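Counted the way the working numbering counts, the sequence shown spans residues 1 to 386.
From the three backbone atoms N, C-alpha and C, an ideal C-beta is built for every residue, glycine too.
Bear in mind that the values here come from a model prediction, so they are computed numbers and not experimental data.
This report refers to the structure that appears directly beneath it.
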Amino acid sequence: MSTSLLPSSLATIKMTGLTTRQAPVDRPLRPGCFSPIPTFFLNDGAQDLDIPTFQRHVLSLANSGMGILIAGSMGEAHHLEPEERVALVKAARQILDDNGFETEPIVCGTGVGSARQTIAITKQAAEAGADYAIVITSGYFAGLLDYPAIKAFFLEVAEASPIPIMIYNYPGASGGIDLDSDIIESIARESNNICGVKLTCGNVGKLVRICAGTAVPSFAKDYPRKNKDAPFLVLGGFADFILPSSFSRAHGAIVGVGNVAPYALVRLTHLSFEAVTNPEVLPEAQRLQDIIARGDRTISLYGIAGTKFLLEKIHGYGGAPRRPLQRLTQAREEQLWAHENVHALLELEKSCEQLASKTRPTATGGIPTPPQSVAGEFPADVSVSA
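Right under this line is the structure:
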């Protein structure tokens, strides 16, 4: 597509010179908390990408210590054109590199209906600067897909992909298909280019079973990963079980509420990992988990529009989702903003941000230096490296 035919927001990124993947930089996929970043749109009839706002938000999250995930469900991936996903990856890589976050990895959602198109978009994302891809189960023909077909889909994509692939299990967005622990572990064993799973099914028992099979030294020994920087991570899809899942050797979470309260989520994740070997921090971890669990539940009931509304109230940007999704009604906005669980979460976020600025040492670019467990040295029997 010629630059002249692109919306202005895409053309800007096209002209930055970041048209091909730059020299390789080690960007390991580490345990922690990742935020699926919203895609922001201009307030025009076409709803073109609002790249400056997107970059502002990416940088804000990176400064808090949150991992970066682009074009997921919160990012309205289903409503994005392939070249828009590429533009977002380039924009994120540019703003991160320009602000000292050269080693911060980018995870990009690349799953669509067919294996063919998923592979094509994954290759485009990798060329644009994505380090890892997360692929949702193909669900349009859910009634015609059995587990062998689904397994073949993930294995084909992983085999063809130039970057490691994370499995995205989200029944609500994939025709009701809910992958069980057996098929997820089977895919992980058969493809060394699979780097983890996100469980937006919210099934904690499933998470425990997958950790029992993959988050142990024997898995890393018997099934080494193709990329040494891409261990198999087991990640929750909600913020209400980060603490309990850490005791089952899970590796963190990918959570939409991280857009609203990133410092609180990062602190909860750090404390949860530390609590496994240091019970003294458990009461504080439980306090944070209680507040965040309630806030996550409340905000999730208002969907993408609710998260964007809260960002607008807190940071002055957010805007409407891409149609046919709609903004919240004024009554719903007032209801969400007045909710006691939202107030409690934002108060916690304020205190955690203040604590981070005063007490937490920072790495290059301002990412809080994680405890040993987050950096990759988990308590005994937890594998986070190939």
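Can you tell me whether residue i is buried or exposed? The criterion is at least 16 other CB atoms within 10 Å of its CB, across all chains shown.
{"i": "R287", "result": "exposed"}
{"i": "K228", "result": "exposed"}
{"i": "Q354", "result": "exposed"}
{"i": "N259", "result": "buried"}
{"i": "S138", "result": "buried"}
{"i": "T364", "result": "Because the pLDDT at T364 is just 35, under 50, the model does not fix this residue reliably, and the value given afterwards should be weighed accordingly. It counts as exposed."}
{"i": "F54", "result": "buried"}
{"i": "H251", "result": "buried"}
{"i": "T296", "result": "Reading off the sequence shown, one finds Asp at residue 296, where the question assumed Thr. Per the 10 Å Cβ criterion, buried."}
{"i": "T298", "result": "buried"}
{"i": "P361", "result": "Bear in mind that a pLDDT of 47 at P361, under 50, signals an unreliable position, so the model cannot answer this."}
{"i": "A331", "result": "exposed"}
{"i": "P31", "result": "buried"}
{"i": "N43", "result": "exposed"}
{"i": "S35", "result": "buried"}
{"i": "K308", "result": "buried"}
{"i": "A338", "result": "exposed"}
Beta-carbon separation of residue i and residue j under 7 Å?
{"i": "A133", "j": "I165", "result": "yes"}
{"i": "G294", "j": "E76", "result": "Looking at the sequence itself, residue 294 is Arg, so the reference to Gly does not match. Cβ distance not < 7 Å, so R294 and E76 don't count as in contact."}
{"i": "R56", "j": "A71", "result": "no"}
{"i": "L265", "j": "A275", "result": "no"}
{"i": "A261", "j": "L345", "result": "yes"}
{"i": "A230", "j": "L88", "result": "no"}
{"i": "L336", "j": "G316", "result": "no"}
Can you tell me the Cα-Cα spacing of residue i and residue j, whole angstroms?
{"i": "G213", "j": "K221", "result": "12 Å"}
{"i": "R225", "j": "L301", "result": "37 Å"}
{"i": "Q326", "j": "I304", "result": "9 Å"}
{"i": "D163", "j": "A126", "result": "Before going further, note that residue 163 is Ile rather than Asp in the sequence given. Cα to Cα, I163 sits roughly 7 Å from A126."}
{"i": "M74", "j": "S246", "result": "24 Å"}
{"i": "I68", "j": "E104", "result": "8 Å"}
{"i": "F238", "j": "V107", "result": "17 Å"}
{"i": "K206", "j": "S248", "result": "11 Å"}
{"i": "P272", "j": "G45", "result": "For clarity, residue 272 is Ser in the given sequence; the question names Pro instead. Between S272 and G45, the C-alpha separation is close to 45 Å."}
{"i": "L155", "j": "A120", "result": "15 Å"}
{"i": "F141", "j": "T118", "result": "15 Å"}
{"i": "A23", "j": "G65", "result": "With a pLDDT of 49 at A23, under the threshold of 50, the modelled position of this residue cannot be trusted; read the value that follows with caution. For A23 and G65, the distance between alpha carbons rounds to 24 Å."}
{"i": "T269", "j": "E333", "result": "29 Å"}
{"i": "V208", "j": "E312", "result": "37 Å"}
{"i": "L328", "j": "V25", "result": "41 Å"}
{"i": "Q124", "j": "F241", "result": "34 Å"}
{"i": "T110", "j": "G175", "result": "17 Å"}
{"i": "C352", "j": "K358", "result": "10 Å"}
What first and last residue would you give for the beta strand (DSSP E) that runs through residue i?
{"i": "Y263", "result": "Per DSSP, Y263 belongs to no beta strand (DSSP E); it is in the alpha helix (DSSP H), P262 to A275."}
{"i": "C201", "result": "From DSSP, C201 is part of no beta strand (DSSP E); its letter is neither H nor E."}
{"i": "A230", "result": "Here A230 belongs to no beta strand (DSSP E), and DSSP marks it neither H nor E."}
{"i": "N99", "result": "Per DSSP, N99 belongs to no beta strand (DSSP E) and is neither H nor E."}
{"i": "Y147", "result": "Element bounds for Y147: not the beta strand (DSSP E) but the alpha helix (DSSP H), Y147 to A160."}
{"i": "N169", "result": "I165 to N169"}
{"i": "L345", "result": "Run containing L345: none in the beta strand (DSSP E); it sits in the alpha helix (DSSP H), E340 to T359."}
{"i": "I136", "result": "Y132 to I136"}
{"i": "G252", "result": "G252 to I254"}
Could you please give the first and the last residue of the uninterrupted alpha helix (DSSP H) stretch that includes residue i?
{"i": "L59", "result": "I51 to S64"}
{"i": "A220", "result": "P217 to D222"}
{"i": "V107", "result": "First-last for V107: I106 to G109, but that is the beta strand (DSSP E), not the alpha helix (DSSP H)."}
{"i": "P244", "result": "I242 to S246"}
{"i": "S35", "result": "No alpha helix (DSSP H) contains S35, which is instead part of the beta strand (DSSP E) from G32 to P36."}
{"i": "I121", "result": "A115 to A128"}
{"i": "E69", "result": "According to the sequence displayed, residue 69 carries Leu and not Glu. Premise fails: L69 lies in the beta strand (DSSP E), G67 to I70, not in any alpha helix (DSSP H)."}
{"i": "Q289", "result": "L282 to S300"}
{"i": "S181", "result": "S181 to E190"}
Practice task
Would you check if there are 3 or more beta carbon pairs closer than 8 Å linking the segment 113–128 to the segment 34–50?
Solution key: no
- prompt: Should the segment 184–194 be regarded as contacting the segment 249–266, the criterion being three or more beta carbon pairs within less than 8 Å?
  reply: no
> Is the segment 195–210 in contact with the segment 166–182, if contact means three or more CB pairs nearer than 8 Å?
Replying inline: yes
With three or more C-beta pairs closer than 8 Å as the rule, is the segment 176–192 touching the segment 137–152? yes
Are the segment 58–68 and the segment 80–96 in contact at 8 Å, needing three or more beta carbon pairs? yes
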